[in-house]
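S.K.: I am attaching a structure below and will ask some questions about it afterwards.
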Amino acid sequence: MIDLKLIREKPDYVRQAIATLQVTAPIDEILDLDEQRRNLLSQVEALRARRNEVSKEIGRLRGGPGTEGLKEEMRQVGEQIKALDEQVKEVEERLRRALLEVPNLPHASVPVGKDESENVVVRTEGEPRQFDFQPLPHWDLGPMLDIIDFERGVKMSGTRFYILKGLGARLQRALIAWMLDLHVQQHGYTEIYPPFMVREECLWVDGKLPKFRDNVYHDAEEDFWWIGTAETPLTNLHRDEILPADKLPLNYVAYSACFRREKMSAGRDVRGIKRGHQFDKVEMYKFTTPESSYDELEKMVGHAEDVARLLGIPHRVVLMCTGDLGFVAAKKYDVEMWAPGCQEWLEVSSISNCEDFQARRGNIRFRRERGAKPEYVHTLNGSGLALPRTLIAVMENYQQADGSIVVPEVLRPYMGGIEVIR
RNA sequence: GGAGGGAUGGCAGAGUGGACUAUUGCGGCGGUCUUGAAAACCGUUGUGGGCUUGUCCCACCGGGGGUUCGAAUCCCUCUCCCUCCGCCA
């Protein structure tokens, strides 16, 4: 949610910024509702002030002469208040809903562009390995080594499901444990194990709702929504709190399973384990002060890159242009790993500075010093990293001519010392 | 799943229809005293919103609704917490 005052005071600036995102937002409706609301409030508050005063007078008179008349008058004032209150409530609800549909505005350093074709590759690190044989895609390697079982996954749960087996499952578990340890021990994050199911409200706060309703699974009978990312529970961790400034930045890292309907990408990436309805991810999250959030963003990108560096896998960093920013980010980078088998750059991380967009929706604030007014924090999130794709990158980059896979050195302690999967 | 008890300010905890402008204590902040500190004493201490920007007004006692001239207080409902029983990993 962006600041209503900004829309009220600089509507043209807001309209123009949103246009660069290639989306529309109900700015005129918001301006109209905002004015209606303030008019109604002035009226109803004046009436309430009068009623408060007269009611106190009635109390003082203790049912003496004239109180019946006053009571009758206040009954009528009460009716007016009630009628106006209903209008206020309706206008405020419409205003709130409209504000929740406005995307975040891009930071000045974000390149303007119409879609992903205008994203900017910021840097590429690591040389793609030269193979003296034809490297295989993971969907061939997995079944050959009996570490991925596509058929039985589909038998149980349908398309976009698979089973990791034996050392395949172990390798994923090793990646998760190693990445968590890396971020906790080397990068200063605090580990969180969050709920994988949350109440609807949490999805409004982090900005998944209203836009991405079609991509979220939820229980039809109870208010349980399956998270599509640990960003959702992490954003809500400090909802409705005022954090002390000297505790910032707060750095969290969480492993979670993630669930996505993928209705919008039907038919895309159906081969292999790149895009499933269920996947694992290690997610980084920061609550910072406004003045430090862009430094923290660069640090977080570095933390995601460290995973690629330490695994010895070539990667690149891509800066999203305005047309590919999405709903909540003011600035966003993707980290992509090179996968020589399927011959593509795999998006293994997406790192965003949401500035105060989520903080407003979740009322997450901080206080600079005792007595100072609370201010909204800035929030950042980034994958560190997404599992199935990292698993793909490891398998395809570390494959050998006989189809076996060398275990990257950093993972061996987490694999019971196993050096090769064969 | 069954029965009962709860939710009040940073914390503890009083308040059962008008004196609540929410008692009191602790903590925090400022001051007096002191070489300094402690103690004592005095003062102060939340969050939003409105336009007429003021010694101004409105809202907020878990959320929502209702009764009333007037609700922290009475009624309905939801959420969460606690105790006991049952079940369960």
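Its first residue numbered 4, the first sequence is counted upward by one per residue in the working numbering.
Even for Gly, the Cβ is constructed at its ideal location relative to N, Cα and C.
From the DSSP output, in three-state form, read off lysine 284 for me.
M.R.: strand
S.K.: Which same chain residues end up closer than 6 Å to glutamine 90 when comparing Cβ atoms and leaving out the 5 residues on each side of it in sequence?
M.R.: Leu43
S.K.: Enumerate in chain order the residues of its own chain whose CB-to-CB distance from tryptophan 207 is below 7 Å, with the five nearest sequence positions on each side excluded.
M.R.: So the list reads Leu103, Arg364, once near-sequence residues are dropped.
S.K.: Under the DSSP definition of a beta bridge, which residues are partnered with asparagine 356?
M.R.: Lys334, Leu383
S.K.: Which full runs of the beta strand (DSSP E) of 3+ residues lie inside the region 135-204, going along the chain?
M.R.: Whole beta strand (DSSP E) segments, 3+ residues: 193-195.
S.K.: Give a yes or no on contact between the region 385-393 and the region 299-316, applying the rule of three or more CB pairs nearer than 8 Å.
M.R.: Segments in contact, yes.
S.K.: In the DSSP assignment, find the unbroken beta strand (DSSP E) run with arginine 126 in it and report its ends.
M.R.: 123-128
S.K.: Can you tell me whether isoleucine 159 is buried or exposed? The criterion is at least 16 other CB atoms within 10 Å of its CB, across all chains shown.
M.R.: What sits at residue 159 in the sequence shown is methionine, not isoleucine. Result: exposed.
S.K.: Could you have a look at serine 259 and say whether DSSP puts it in helix, strand or coil?
M.R.: strand
S.K.: Taking 8 Å as the threshold, find out whether the region 344-359 comes into contact with the region 136-146 through three or more Cβ pairs.
M.R.: Segments in contact, yes.
S.K.: What residue range does the beta strand (DSSP E) around aspartate 322 cover?
M.R.: The sequence as given places leucine at residue 322; aspartate does not occur at that position. Looking at the DSSP string, the run of the beta strand (DSSP E) that includes leucine 322 is 318-322.
S.K.: Quick check: phenylalanine 369 and asparagine 107, are their CB atoms within less than 7 Å of each other?
M.R.: no
S.K.: Distance check for phenylalanine 136 and alanine 404, CA to CA, integer angstroms please.
M.R.: 6 Å
S.K.: Asparagine 55: buried (16+ other C-beta within 10 angstroms of its C-beta) or exposed?
M.R.: exposed
S.K.: CA-CA distance, phenylalanine 153 and valine 380?
M.R.: 44 Å
S.K.: May I have the straight-line CA-CA distance separating valine 187 from asparagine 356, to the nearest angstrom?
M.R.: 21 Å
S.K.: In its own chain, which residues sit with a C-beta less than 7 Å from the C-beta of glutamine 175, not counting the 5 before and 5 after it?
M.R.: Excluding sequence neighbours, glutamine 175 sits near Leu167, Asp283, Leu390, Leu394.
S.K.: Taking only the alpha-carbon atoms, compute the straight-line gap between asparagine 194 and leucine 144 and give it to the nearest angstrom.
M.R.: According to the sequence shown, residue 194 is glutamate rather than asparagine. Rounded to whole angstroms, glutamate 194 to leucine 144 spans 33 Å at the Cα level.
S.K.: How is valine 17 classed by DSSP in three states: helix, strand or coil?
M.R.: helix
S.K.: Kindly give me the distance between the Cβ atoms of tryptophan 228 and glutamate 265, rounded to whole angstroms, as I take these residues to be in contact under 8 Å.
M.R.: Not confirmed; about 16 Å, so no contact.
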